[in-house]
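Participant:
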Amino acid sequence: MSSDGPLPLRVLVVDGDPALISLLQDSDELDVVNEPGEPTAPGEALEAAERLRPDLVILGPEYAAHAAPLSRRARVFVVCNEPTAASAALREGATGHLTPDRFTARELLQVFRDAGRADLDLSAREAEVMDLIAGGRSNGEIARELFLSEKTVKNHVNRIYGKLKVGSRAAAITLWRAGRRPR
């Protein structure tokens, strides 16, 4: 099976700025999984994260203190101008902080992907191979695209499986999309 790239990252936006939601929805690589304006309460956000299974959760500043329970389900980013709220969210388990109106969709996507990959400790080439695996590419397709032998791709795949402590493509993709180190 061939694909044009990785599947879109699933994003849950909690009480987000409409301009941010619009920016996210305009990207083919990001999929906002909740309806605009929902969830609006911390308990609703946790229930939505369990039900919708996002890769990322973006919190508005008033939700920064609720990063801890959400960070157990997805990578959490808080969007705010307040250093105190950002620091609190990071202490509570948020992956990162974003300053409103200071990024494009492409930059935002790169921040999200880099944060998840850093947690998994893959080399740059392994991350490149893993991106293509997550996009549904076969070893042969990856070899042709990266100008490598198929044996070299298989070696990368085996190292990736070892680092992620998985035995299948599906398990590797699941961890890759979640950006979580195996326990």
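Here the UniProt record's numbering is used: the first residue of the sequence shown is 1, the next is one more, and so on.
Glycine included, every Cβ here is placed at the ideal spot set by N, Cα and C.
1. Return the bridge partner residues of Ala13 from the DSSP annotation.
2. Sorted by chain position, which residues of the same chain lie with C-beta nearer than 6 Å to Asp31's C-beta, five sequence neighbours on each side aside?
3. Would you mind sorting residue 184 into buried or exposed? The rule is 16 or more other CB atoms within 10 Å of its CB.
4. Would you call the stretch 131-148 in contact with the stretch 170-178, where contact means no fewer than 3 C-beta pairs closer than 8 Å?
5. Would you mind giving the Cβ-Cβ distance between Leu122 and Ile160, rounded to the nearest angstrom? I have them listed as a contact below 8 Å.
6. According to DSSP, Gly96 sits in a beta bridge with which residue or residues?
7. Would you kindly work out how many angstroms separate the C-alpha atoms of Arg177 and Ser149, rounded to a whole number?
8. Give the range of the beta strand (DSSP E) segment to which Leu20 is assigned.
9. Please report the distance separating the alpha-carbon of Met1 from that of Pro61.
10. Between the C-alpha atoms of residue 186 and Thr104, what's the straight-line distance to the nearest angstrom?
11. Helix, strand or coil, according to DSSP, for Leu120 in the structure here?
12. Would you report the Cα separation of Pro100 and Ala86, rounded to the nearest angstrom?
13. Just the Cα atoms here: how many angstroms apart are Asn158 and Glu128?
14. Does the structure place the stretch 65-77 close enough to the stretch 86-95 that three or more beta carbon pairs sit under 8 Å?
15. Specify the secondary structure class of Leu148 as computed by DSSP and reduced to three states.
Facilitator: In short:
1. Within the sequence shown, numbered from 1, the residue matching residue 13 stands at position 13. Sequence check: residue 13 is Val here, not Ala. Val13 is bridged by DSSP to Ile58.
2. Taking the sequence shown and counting its residues from 1, one reaches residue 31 at position 31. These residues qualify, in order along the chain: Pro8 and Arg10.
3. The question about residue 184 has no answer here: the residues shown for the chain are numbered 1 through 183.
4. With the cut-off at 8 Å, the stretch 131-148 and the stretch 170-178 touch.
5. Counting from one through the sequence shown, the residue named residue 122 turns up at place 122. Counting from one through the sequence shown, the residue named residue 160 turns up at place 160. That pair is a contact at about 6 Å.
6. Position 96 of the sequence shown, counted from the first residue, corresponds to residue 96. Per DSSP, the beta-bridge partners of Gly96 are Phe77.
7. Here residue 177 refers to the residue found at position 177 when the sequence shown is read from its first residue. Here residue 149 refers to the residue found at position 149 when the sequence shown is read from its first residue. For Arg177 and Ser149, the distance between alpha carbons rounds to 26 Å.
8. Numbered from its first residue, the sequence shown carries residue 20 at position 20. Unbroken run through Leu20 is the alpha helix (DSSP H), Pro18 to Gln25; no beta strand (DSSP E).
9. On the sequence shown, position 1 is the one that residue 1 refers to. On the sequence shown, position 61 is the one that residue 61 refers to. Caution is warranted here: a pLDDT of 38 is assigned to Met1, below 50, making its placement in the model unreliable, and the coordinate value is therefore given only provisionally. One C-alpha to the other measures close to 41 Å.
10. Within the shown structure, residues of the chain are numbered from 1 to 183, placing residue 186 beyond reach of any answer.
11. As a position in the sequence shown, residue 120 is number 120, starting the count at 1. Note: Leu120 maps to helix in three-state DSSP.
12. Your numbering for residue 100 matches position 100 in the sequence shown. Your numbering for residue 86 matches position 86 in the sequence shown. Distance between the alpha carbons of Pro100 and Ala86 is about 12 Å.
13. Here residue 158 refers to the residue found at position 158 of the sequence shown. Here residue 128 refers to the residue found at position 128 of the sequence shown. Going by the C-alpha atoms only, they are around 14 Å apart.
14. Contact holds: three or more Cβ-Cβ distances are below 8 Å.
15. For this step, residue 148 is matched to residue 148 along the sequence shown. Here Leu148 carries a coil assignment [DSSP, helix/strand/coil].
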